[in-house]
Each structure stands twice: as structure tokens, then as C-alpha cells.
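Asker: My structure is below; once you've seen it, I'll send some questions.
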Amino acid sequence: MKKIKTVCVAVVAVFLLSATLLNIFYPERPTVSERENRTLASFPKFTLSSLLDGSFFSGIDSFVSDNFIGREMLVDVAQKIKGYHSLSAFMPKDEEEVVFLPSKTGQTTVDDPSDDFEDKSDLIIEEKEETEDSQPTVSPDIPENIPLSPDDEGYIPPQREPIEEPENGNSDIPVETPDGEDINQSEDSTDSASEESVETEETVPPEEVTDEVISEPEPVPEIPQVPSVDTTVNEVENNTDSNEAEFLSDGYIIYRNAVYSLPYLVKSVAKQYGEAIDRYSELFPESRVSILVAPLSSGMIDNESIKKKITNQKSIIDSINSYCGENINKINVYDALYAHRDEHIYFSSDHHWTALGAYYAYAEFARSVGLEPTPIEKMEKVLLNSAWKGTAYSMTGDERTKEFSDELYAYLPTKDNTMTVYAKNGTSKKNGCIRTSYKSYTAFIDGDNPYTIISVPDNPSDMTVLVLKDSYGCAFVPYLCEHYRTIIVADPRHVGFDLYDLLKDYPLKDIIFMTNIFNPNVSSWVKNVNRIIGN
């Protein structure tokens with residue numbers, strides 16, 4: 356008996372030692388979780404401040420938990436287990452019926468679905484409680500002397516070295532998590548899944564930068580309409596023409612081999628968002644302030660029997676815009692997108708819009724401020740991934756969504772540009788605004804980062820813009836290179852310094868609030884928008 360115990364202990368000890376050594380000397384360590392569609396934590400950079408505030412060891416903890424051997428397989432197994440928490444997952448379903456599926460949290464709905472979805476065309480919530488707990492994050496160490504003018508283009512502070520682009524782009528592909536917030540979930544859509552909101556990041560603010568406004572640009576001629584683009588959507592094999600949709604209990608819809616999110620309006624929060632935008636207009640009186648709220652892909656469904664079960668997104672956007680002051684430029688992109696609903700303007704395997712959908716939104720913005728949108732035919736179209744699989748599976752946990760895929764492509768700006776990204780871990784890197792070596796949505800401006808600056812030397816020096824955005828803004832921002840000399844991009848969830856103190860003396864021509872329809876209804880988003888200007 357004693358001998359058996361000794362053998363068991365030896366086997367366990369060898370296993371643990373082997374696993375430890377493998378994790379330490381892990382060859383070809385992955386940088387992204389394909390199942391969760393997010394960037395895995397990297398080893399934190401050591402600084403005295405990170406050691407003293409404990410963030411260095413927190414970063415090590417995150418790194419270890421994200422990088423152990425076999426993690427991807429275990430995450431996949433966990434997703435499958437969650438899908439079988441009830442017998443309903445094994446029961447046959449009537450093809451003619453709109454049904455609930457087990458949620459990824461394991462909860463099921465036993466009520467008659469027709470009772471719950473008989474008419475959801477007016478889903479308006481008066482108040483929504485904040486339930487998410489802030490998670491500790493590694494504070495981004497934003498370097499001082501961030502270049503904000505074209506004269507400083509390419510400048511990297513001496514204490515920071517730019518990160519070189521890896522030779523094999525596939526080995527260093529950051530994948531963003533969705534932001535926004537589902538009605539039954541904690542925040543983040545990109546935007547409709549589970550990205551954590553950052554409400555209190557203590558970082559060293561960059562030094563104040565001043566510049567001089569150059570004369571106003573010459574007026575532009577009347578702007579022509581943007582031509583329609585002939586595009587096709589990648590269809591999944593064995594696709595059916597069924598007009599039935601399945602409403603999942605986590606607030607998603609599966610319809611014709613695509614996943615859709617359900618929108619909603621939280622009046623009290625949307626009103627606070629409008630007030631926050633008005634506050635920016637007061638703080639930057641010389642700047643033109645615009646709000647652009649992007650609809651979700653579910654707003655493009657053209658099936659009347661399904662549309663009546665979904666809140667009207669145009670009405671939601673109109674309500675959000677109505678809470679802003681009269682001096683705010685309110686951009687209507689819903690009509691433009693709906694007019695092109697038969698084109699590939701949204702992904703079927705992800706909650707984001709495509710580069711084409713973002714283009715139509717850019718064109719509407721350009722017209723609204725008197726600029727002529729560059730015809731899309733003049734931009735080079737680049738295929739980044741012929742079979743990209745987005746967040747559909749990680750959002751729903753439904754096995755069928757594993758097969759959903761899309762073509763992922765980008766339209767390159769017609770003008771040379773240089774982008775400097777200041778990441779959440781304090782590092783900085785310099786690239787173009789579209790990372791053509793990346794094979795995911797984060798090819799657009801390197802994904803969600805606290806602070807990004809794009810310089811376009813060929814544009815007038817007085818054309819400067821600040822974009823406060825969620826992940827929908829990633830695909831939108833590159834088109835601004837057609838007009839603006841300096842493009843400053845900030846994600847309120849991740850900025851850890853006072854943005855007003857940094858930019859109060861900087862001549863901003865425009866300020867754009869660019870989000871999907873979710874975040875104006877999420878209180879943590881609005882709190883962050885206020886927080887970064889000291890409110």
C-alpha cells in the first residue's frame with residue numbers, strides 16, 4: 356500500500372513539474388484566444404511605480420492565468436458544458452417555432468417564448484441598475500510628451516522604444532473583446548458581449564500641448580452621393596431560406612446563419628450621455644461636436660415578422676440624439692445603412708459592422724460637416740481574412756455558430772499616414788492605421804487602446820479631430836485620414852488621465868462621439884466619458 360502511495364505521489368509530482376516547466380518554456384506562446392476572441396495578457400513591463408502599486412504582480416497573475424498549456428481546449432470544454440446545464444439542450448425543437456436556447460450562463464427559459472416576444476417593438480427601460488464590479492487592471496503608463504502636432508510626427512519618447520512589427524503577423528494578432536452591454540449582461544459591444552469597463556485607471560497624464568490654428572480651409576463644392584458598392588456576403592454551407600429566427604435567452608438572435616443582438620433604450624442613462632456631450636461642447640467651445648450612433652445588424656433585418664419583435668433602432672437613435680443640445684451635430688447613419696442592407700455591411704459571425712458599413716457612416720459624417728467623402732472605388736480594397744470567425748460563438752456558446760464566418764477586408768486610406776498607439780500596458784508602437792498583417796477586426800487602428808494618434812502630413816494643418824469611440828469606431832477612424840492632419844483617438848473605458856487637461860489648449864476642429872447603439876445606454880460608459888474630463 357505504501358509503495359502504491361509513493362508511486363502516485365511521484366506521478367503527480369512529475370506531472371506538476373512537467374507542466375510547470377512547459378509553461379515556463381512554452382514555445383510559440385499564443386497571443387490570442389480564438390474561442391474568446393480576445394488578446395491574451397502579456398508579461399507586464401516592470402517599473403518602480405507598478406511594483407509599488409501592486410499592478411506588476413497583478414499583471415503576472417493575469418499573464419499566468421491566460422497562458423497555461425491547454426488553455427484553449429479547456430475554455431472550449433467549459434463552453435460546451437455551459438450549453439448542457441439543462442435537458443432542454445437535448446430536446447428536439449420544432450422548426451416552425453421561435454424558441455429559446457440555453458444561454459452561455461446556463462440559464463434556460465421555461466415560459467412560452469411567444470409570451471415574451473409577442474411584441475418587443477417598444478423595449479424602453481426607464482432605469483437600469485449597474486451590476487458590474489470594476490475589475491483591477493494594469494494601469495497604462497502613458498509616456499509624457501505625446502506628439503500631438505504634425506511637426507512631432509513619429510516622435511517616440513526616449514523612455515519608450517517602439518515595438519517592432521513581428522515578421523509573422525499571424526503570431527501577434529490582438530483580438531478585441533466585444534464592447535457594449537446586453538440587457539441581461541454586464542457591459543461591453545464592442546458593443547454586445549463582455550469586455551470589462553475601466554473606470555479608475557491612474558496613469559501619468561501626458562504633458563499639455565499647444566499649437567496654433569491655421570487659417571480656415573477653402574469651402575468645398577457640393578458633395579455628390581456615394582455610389583452603391585456591389586458586395587456579397589459569405590454564406591455558410593447548408594444555409595436554409597427559413598424565415599424563422601431563434602431568440603436566445605442571452606439577448607441574441609440566430610437568423611439565416613448569422614447572430615444578431617437585441618437593442619434597447621435606457622432613457623435615464625441616454626439623457627446623461629447627452630448631457631456629457633453637451634459638457635464637452637462647453638469645455639471646447641471652438642470645436643464642432645458631433646454624435647454618431649451606429650445601429651446593430653439586427654436593425655437591417657427586413658423580415659416583418661421578426662422586426663416587430665425587435666425595438667426600432669431608428670427610434671432609439673433619435674431618442675439618444677434628442678438628449679443632446681441644439682448645437683450638437685447629430686448624424687443619421689441608420690437610413691444610409693438600411694438603404695444598403697443587402698450589401699455586406701455587417702458581419703454574420705460578429706457583432707461589428709464591416710469596413711463597408713463603416714464607410715457609409717463616414718460618408719454621412721463627411722457630408723454633415725461639409726466635406727466631400729472620398730469615393731470608395733479610389734481606395735484599395737485588401738482582403739485580410741477569407742474565413743474570419745468573430746465573436747458569435749463566444750457570445751452565444753451555441754455550437755452552430757462555430758461554423759459562421761465572414762470575409763474580412765479593409766479599404767486603405769488614399770493618403771500616407773503614421774499611427775502611434777499607446778496601449779493599456781504602457782507600451783507604444785508605431786504603424787499605419789490599418790494593420791494588413793492582422794487577420795481579425797483589430798486590424799483597424801490596432802483595436803481598442805487608451806490613446807492613439809494618427810498623423811497625415813498631406814492634409815491641412817488646421818484639420819484636427821478627437822474621436823471618443825468604442826470598438827465600432829475602429830473601422831470608422833481610418834476614413835478620417837482622407838481629411839484630417841491629426842486624428843486623436845481615445846477610448847473612455849481605458850483612458851487613465853484627464854483628457855481635458857491635455858487638450859484644452861489644443862486647436863481641435865472636430866470632436867466626434869462614435870459608438871454603437873448599446874453604450875449610450877450603459878451607465879459605466881457614460882461615467883467614463885465624464886471621468887476623463889474631470890466630471
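Residue numbers (this note's numbering): 356 to 890.
Ideal Cβ placement from N, Cα and C applies to all residues, glycine included.
1) Quick check for students: name the residue ranges of the alpha helix (DSSP H) that lie wholly in the stretch 676-741, counting only runs of 4 or more.
2) For the ligand PLP, is there any heavy atom lying closer than 8 Å to the beta carbon of I888?
3) For the pair the stretch 806-825 and the stretch 680-695, tell me if three or more CB-CB distances fall below 8 Å.
4) Taking its Cβ as the centre, do 16 or more other Cβ atoms sit within 10 Å of E641, making it buried, or is it exposed?
5) Helix or strand or just coil, what does DSSP make of R840?
6) Taking the straight line between their C-alpha atoms, what separation do you get for P728 and K662?
7) In terms of DSSP beta bridges, what is K824 paired with?
8) Looking only at C-alpha atoms, which of C829, I808, D771 and S783 sits nearest to A798?
9) Near P618, what residues of its chain come up, given a Cβ to Cβ distance below 8 Å and the 5 sequence neighbours on each side ignored?
10) Which residues does DSSP pair with L638 in a beta bridge?
11) Please report the distance separating the alpha-carbon of C836 from that of V877.
12) Between the Cα of I789 and the Cα atoms of S783, V776 and V724, which residue gives the shortest distance?
13) Can you tell me where the alpha helix (DSSP H) holding S749 begins and where it ends?
14) Looking only at its own chain, which residues have a Cβ that is under 6 Å from the Cβ of I842, when we skip the five neighbours before and after it?
15) When burial is assigned at 16 or more other CB atoms within 10 Å of the CB, is E754 buried or exposed?
16) Report the rounded CA-to-CA distance for L711 versus P768, giving the unit in angstroms.
17) As a quick exercise: from T782, F759 and G787, pick the residue whose alpha carbon is nearest that of D771.
18) S783 lies in the beta strand (DSSP E); which residues open and close that run?
19) What do you get for K360, buried or exposed, if any count of 16 or more other CB atoms within 10 angstroms of its CB means buried?
20) With a CB to CB cut of under 8 Å and the five nearest residues on each side skipped, what residues in its chain are close to I887?
21) Taking only three categories from DSSP, how would you classify L372?
22) Under the three-state reduction of DSSP, which class applies to R643: helix, strand or coil?
23) In angstroms with no decimal places, state the Cα-to-Cα distance between L863 and L638.
24) Measuring CA to CA, which of N885, M356 and P875 is closest to D673?
25) Decide if P447 is buried, meaning its Cβ has at least 16 other Cβ atoms within 10 Å, or exposed.
26) Which one or two residues does DSSP pair with M774 in a beta bridge?
27) Do you know offhand how far V364's Cα is from M356's?
28) Name the residue from D817, S645, S795 and F401 whose alpha carbon lies nearest to the alpha carbon of V688.
29) How far does the alpha helix (DSSP H) with I881 in it extend, from its first residue to its last?
30) Nearest-angstrom Cα distance between F401 and Y610?
31) Determine the contact status of F720 and I867, defining contact as a CB-CB distance below 9 Å.
32) By a C-beta neighbour count over all protein chains shown, 10 Å radius and 16 as the cutoff for buried, is P730 buried or exposed?
33) Excluding the 5 residues flanking K744 on each side, which residues of the same chain have their C-beta closer than 6 Å to its C-beta?
34) Which one of K736, V367 and I683 has the shortest CA to CA distance from T709?
Answerer: In short:
1) Secondary structure within the stretch 676-741: the alpha helix (DSSP H) runs of 4 or more consecutive residues, fully enclosed, are 689-694 and 710-723 (chain order).
2) Looking for the ligand PLP in the displayed structure turns up nothing, as the structure carries no ligands at all.
3) Flag = no, the stretch 806-825 and the stretch 680-695 do not touch.
4) Under this definition E641 is an exposed residue.
5) DSSP places R840 in coil when its eight states are reduced to three.
6) Rounded to the nearest angstrom, the two C-alpha atoms are 32 Å apart.
7) In DSSP, K824 forms a bridge with M869.
8) It is C829 whose Cα lies nearest to the Cα of A798.
9) In the same chain as P618, and ignoring 5 residues on each side of it, the C-beta atoms closer than 8 Å to its own belong to L478, P650, L651, S653, G654, I665, T666, Q668, I671, I872 and F873, in chain order.
10) None; L638 has no bridge partner.
11) Computed Cα separation, rounded: 30 Å.
12) For the residues S783, V776 and V724, the minimum Cα distance to I789 belongs to V776.
13) Judged by DSSP secondary structure, S749 falls within the alpha helix (DSSP H) whose first and last residues are A747 to T751.
14) Taken in chain order, the residues that qualify are I809, V820 and L835.
15) By the 10 Å Cβ count, E754 comes out exposed.
16) If you draw a straight line from the Cα of L711 to the Cα of P768, it is about 13 Å long.
17) The residue among T782, F759 and G787 with its C-alpha nearest the C-alpha of D771 is G787.
18) It spans S783 to N786 - the beta strand (DSSP E) in which S783 sits, taken as one unbroken run.
19) By the 10 Å Cβ count, K360 comes out exposed.
20) Contacts found: A845, P847, V850, F852, D853, L854 and Y855.
21) Looking at L372 - three-state DSSP - the assignment turns out to be helix.
22) DSSP, read as helix, strand or coil, puts R643 in strand.
23) L863 and L638 have their C-alpha atoms some 11 Å from each other.
24) Distance check between D673 and each of N885, M356 and P875 places P875 closest, using alpha-carbon atoms only.
25) Model confidence at P447 stands at a pLDDT of 40, short of 50, so the residue's coordinates are unreliable; what they give is reported in the following sentence. Label assigned to P447: exposed.
26) Assignment of beta-bridge partners to M774 by DSSP yields N786 and I809.
27) If I take the Cα positions, the gap works out to 12 Å.
28) Distance from the Cα of V688 is smallest, within the candidate group D817, S645, S795 and F401, for S645.
29) Going by the sequence as given, residue 881 is Val instead of Ile. Unbroken alpha helix (DSSP H) run through V881: S878 to R886.
30) Distance between the alpha carbons of F401 and Y610 is about 48 Å.
31) I867 sits close to F720, with the two beta carbons spaced by under 9 Å.
32) With fewer than 16 other Cβ atoms inside 10 Å of its own Cβ, P730 counts as exposed.
33) The residues are S704 and S760.
34) From the listed residues K736, V367 and I683, the smallest Cα separation to T709 is found for K736.
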